[in-house]
Each structure stands twice: as structure tokens, then as C-alpha cells.
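Numbering (UniProt numbering), first residue to last: 1 to 172.
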């Protein structure tokens, strides 16, 4: 995953790695508790966790690749990037739609139905909007909040109530 969305001279790769490690540990703990609570036996738990891990890491890679396609290149070496994280909003949406479609429907370029594409576009729009919101938070604000981020409600962001009649037009 992108180690940090912020581009400051004090970028701390060790802190970013620690943050990612803690995030993944919390995810696995939560998933383990959820599976155990749902009645999964300890013997099967590791198998389930392995399947989930493979899926999650594949998704991370797809979204990292989507982000890499729209983030401006750095000015060489480990120098921080200057300017906005996402310079071309439309390219970011297109890139995240592809990643979302791949994560939900597999990596094939098969013909997708219009509804799936509209839903993937709504989700991509939400993700890019949240990345832009996150970019506006200073590193100090994130640290002082213990990296607790309040995300925009998907309903108010129009992700949960996309009216497909507005998005899908019949073929003429």
C-alpha cells in the first residue's frame, strides 16, 4: 500500500510501515473474532484467514496500481512529491473503476453489465473523494488523532443511492 499519502520533508518510512503493520494486525484480529463468533472451528480458521489474506492482498495491489497510475512521479530518488496527490480526477476515477471491477469480478476484461459499471464508478468516485479528504489532513492531525479517520458517510456521498436510471441509457 502507499506508505503515506502526505508528502512532507519529514516523511517517516518506519512510521508508515508500523502503521500498515498495526492496521493489518487489527484487521486479522477482527476477522478472527468474527469467524470464531460465526462458529468457525479453530482448525478451519487458519484456512479461512489464508483465503482472506490472499484476497485482501490482491485487492491492495490492484488499488495501489490504480493509485500509481494517477499520482504524479516524484522528482527523483526519495524526494517528496509536490502538489496534489491526484492531479487528474477523471483519470483517477477511471483507474479506480478498473481496480474495483477487477476486485469484484476478476481480472478479465469480459463485458460487464451497465449496472456493475455504474456501481463501480460510484465506489471509485467515493474512494477518490476520500483520498482527497485524507490529503487535506496534516500529518500532525492524523498522529494526534491516533490515525483515527472519520470517513464521509457513503449515503451522503451518493454511493449508496445511485439512481441507475440517471446513469444507464437504453441503446438506440
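Every residue, glycine too, gets a C-beta built ideally from N, C-alpha and C. This structure is a prediction, so every number in the text was calculated from the model and none was measured.
Taking the beta carbon of residue i as the centre, do at least 16 other beta carbons fall within 10 Å, making it buried, or is it exposed?
i: residue 75; result: A caution first: residue 75 carries a pLDDT of 40, below 50, which makes its placement in the model unreliable, though a value can still be read off. Result: exposed.
i: residue 124; result: buried
i: residue 121; result: buried
i: residue 63; result: buried
i: residue 22; result: exposed
i: residue 43; result: exposed
i: residue 77; result: The predicted model places residue 77 with a pLDDT of 43, which falls under 50 and marks its position as unreliable; any figure quoted below should be read in that light. Exposed, because fewer than 16 other Cβ atoms sit within 10 Å of the Cβ of residue 77.
i: residue 86; result: buried
i: residue 82; result: Any reading at residue 82 is ruled out, since the residue's pLDDT is 47, under 50, leaving its predicted position unreliable.
i: residue 14; result: exposed
For residue i versus residue j, is the C-beta spacing smaller than 7 Å?
i: residue 128; j: residue 93; result: yes
i: residue 70; j: residue 102; result: no
i: residue 99; j: residue 66; result: yes
i: residue 48; j: residue 38; result: no
i: residue 35; j: residue 45; result: yes
i: residue 52; j: residue 31; result: yes
i: residue 151; j: residue 136; result: no
task = Ignoring anything shorter than 3 residues or poking outside the UniProt domain "Ubiquinol-cytochrome c chaperone" (14 to 68), list the beta strand (DSSP E) runs there in chain order.
result = The qualifying runs do not exist here; there are none.
Query raised in the report: Of all the alpha helix (DSSP H) runs that stay within the bounds of the region 110 to 143, which reach a length of 4 or more residues?
Result: With a minimum length of 4 residues, the continuous alpha helix (DSSP H) runs that stay inside the region 110 to 143 are 114 to 135.
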